[in-house]
Each structure stands twice: as structure tokens, then as C-alpha cells.
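The structure under discussion appears below in the form of C-alpha cells.
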Amino acid sequence: MLDKVINSSFYFDQSYTLGFLSYNGIFRFFINIISVFGFDLTIRLFESSAKIIQLFEYTVFITPTRTYNGFTTYISNFYIDFGIFGVIILSFLFGSVAYILYKRFVDTPCVENFIVLTLIYYFIAFSVVRFQLSNTISAIAFIYSLFFIHPKFKIKF
1 MLDKVINSSF YFDQSYTLGF LSYNGIFRFF INIISVFGFD LTIRLFESSA
51 KIIQLFEYTV FITPTRTYNG FTTYISNFYI DFGIFGVIIL SFLFGSVAYI
101 LYKRFVDTPC VENFIVLTLI YYFIAFSVVR FQLSNTISAI AFIYSLFFIH
151 PKFKIKF
């Protein structure tokens, strides 16, 4: 599927999305928060990545009666974001973050670190289907687990 994406202008018009595809859920979360205050941050990269998500994240019809599994792995997302350098660098960064969070759990085993590590394992396990941080719900869960369940952020009533 990746070679079809690379070689077809229908799927990939050779303009990179600069991280807006792989991390669409995170960007969408922050853009929606900022839009509440009246700022419109809709940009071409965001719209381009939304189109690609529509093409690949769902089962698509290839004929009027036949569907095709439109899922792709994280490698295609990284490629569409930054090309071959994106595959190398973003894979390294994602692996580094996973290692840091694993090390944090090993050094300080607690429920908060376990939740974050479980989400990372979920992202890794399902990366054969899609890169989960392009999904807004998964991105919000990850942001929430990283920042808001930590003991120093707990809200006291």
C-alpha cells in the first residue's frame, strides 16, 4: 500500500504534511481549544492531512459493491509527513519517547506511570493498523495521561 501511496498523485501529491498527519489528533485538540477564543487556525496542511485521513483511516469502496481495507501503518504517515527522513527521525523519536516512559515506570512504578506506559503499548500494538496519535480520542487520552493525572496536577475539591 505504501508504494501505491508514493507513486500515485491521487493519494499523495508529493507535498509533505509536516507532522500534521501523524500528530493530527494532538494538533486538532489544541487548534479546537484555541478556536474557542475566536482564532481561526485552519491551514492548508491541516486540511491536506484531514483529506489523507479520510482516504486511509476508514474502509473505502473500490467499486460500488466492494470495500477495501483502507488502513495503513505508521510508516506511511511518517513518510507523508517528512519523506524518508520522517520515517527515520519520527520512528526514532517515537521509540525514544516509549523508552523514556518505560524507564520512568521501571524507576518509579506507580499507577500514573503505568497508565502512560499502557497507552504507549497500545500505540505500538495497533501501529500495524494506524498511527494512533492521528486519532483525536487517542491523542486526548495520551495528553491527559501525561499531564493531568500526575500527582502535582491533581485537582483538590
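full-length UniProt numbering numbers the first residue of the sequence shown as 1 and each following residue consecutively.
Each residue gets a CB set at the ideal place from its N, CA and C atoms; glycine is no exception.
Local conformation of residue i per DSSP, three classes
i, result
"T136", "helix"
"T118", "helix"
"F39", "coil"
"Y74", "helix"
"F157", "Any reading at F157 must be qualified, since the residue scores a pLDDT of 44, below 50, and its modelled position is unreliable; the value itself is stated next. Correct three-state label for F157: coil."
"Y144", "helix"
"Y68", "strand"
"S22", "coil"
"R28", "helix"
"I33", "helix"
"Y79", "helix"
"F126", "helix"
CA nearest to the CA of residue i, picked from the options
i, options, result
"F147", "I124, I115 and F71", "I115"
"S76", "T63, V128 and I62", "V128"
"A125", "I88, I143 and T73", "T73"
"T136", "Y16, I84 and I33", "I33"
"F20", "I88, G38 and T42", "T42"
"S49", "F78, I89, T108 and L101", "F78"
"S15", "I31, V36 and K51", "K51"
"K103", "I120, I88, I89 and I53", "I120"
"Y122", "I89, I84, F142 and T65", "F142"
Proximal residues to residue i (C-beta, below 6 Å), its chain only, five neighbours per side dropped
i, result
"I140", "F29"
"L101", "V116, L117 and I120"
"I31", "L41"
Where the alpha helix (DSSP H) containing residue i begins and where it ends
i, result
"V106", "I84 to D107"
"S48", "R44 to F56"
Other residues of its chain near residue i: CB distance less than 8 Å, five sequence neighbours each side excluded
i, result
"L18", "L45, D81 and F82"
Beta-carbon contacts of residue i that lie in its chain and below 7 Å, excluding the five residues immediately before and after
i, result
"G86", "F78 and Y79"
"F105", "N113, F114 and L117"
"A98", "I120 and I124"
(Q) Between the stretch 24-44 and the stretch 130-139, can you find at least three pairs of beta-carbon atoms closer than 8 Å? (A) yes
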